[in-house]
Amino acid sequence: MAIERTFSIIKPDATRRNLTGAINAKIEASGLRIVAQKRVKWSKAEAEAFYGVHKARPFFNDLVGFMISGPIVVQVLEGENAVAKYRDVMGATNPANAAPGTIRKDFAESIEANSVHGSDSLENAGIEIGQNFKPAEIVG
Ligand code: IDP
Ligand code: MG
181 MAIERTFSII KPDATRRNLT GAINAKIEAS GLRIVAQKRV KWSKAEAEAF
231 YGVHKARPFF NDLVGFMISG PIVVQVLEGE NAVAKYRDVM GATNPANAAP
281 GTIRKDFAES IEANSVHGSD SLENAGIEIG QNFKPAEIVG
């Protein structure tokens, strides 16, 4: 298996409830390494650009509003098979369907306020990392 990098967001529902450390503990316990991290607040334009792929979905406007409702923590995670591994650590989009011990099962409030984002492919990981970090901000 190859060493990969994936892009992660700790969403506003989680930063509001002071869960950054608890989520990072699950990430690190899985073997993934946090090789870049910063706390930011997105503008509407930044959130719309990031979730542009979902523009046609009925929940798009609500999702953008949620993602700019408070601070987020953007991260780069590195490790073997990082893209698929972090999807496993996160759990299903809808926390009602998420497996025990996953971030979303333990922490998510709803299908929208589901605590974390993780890239869904290696290609998208590269794009999302490039949107959010300069190369010099990533220290492996
Ligand atoms: P993912 O985050 O598990 O990859 P996506 O389908 O890519 O799920 O959706 C992006 C985000 O949009 C989700 O994480 C969640 O915050 C929100 N979302 C997805 N489906 C719904 C829905 O049916 N209602 C409201 N929000 C949704
Ligand atoms: Mg997705």
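Under the working numbering, think of the first position of the sequence shown as 181, with each following residue one higher. Quick reminder that beta carbons are idealized off the backbone N, C-alpha and C, glycines included. No experiment lies behind these values; they were computed from the predicted model shown.
8 Å Cβ cutoff met for residue i and residue j
i, j, result
"E260", "R213", "no"
"F239", "E292", "yes"
"E228", "V244", "yes"
"R196", "I309", "no"
"F187", "A305", "yes"
"M247", "K191", "yes"
"A194", "I203", "yes"
"R267", "P275", "no"
"A279", "G271", "yes"
"I318", "V220", "no"
Sheet register partners of residue i (DSSP bridge)
i, result
"I121", "What the structure shows of the chain is the stretch from 181 to 320, and residue 121 is not part of that stretch, so it cannot be assessed."
"E184", "G259"
Cβ shell of residue i (< 6 Å), same chain only, five flanking positions each side left out
i, result
"L199", "F287"
"G320", "V215 and E258"
Chain-order list of residues whose beta-carbon lies under 8 Å from that of residue i (same chain, five-residue window excluded)
i, result
"W222", "F230, M247, I248 and I252"
With three or more C-beta pairs closer than 8 Å as the rule, is the stretch 296-308 touching the stretch 216-225? no
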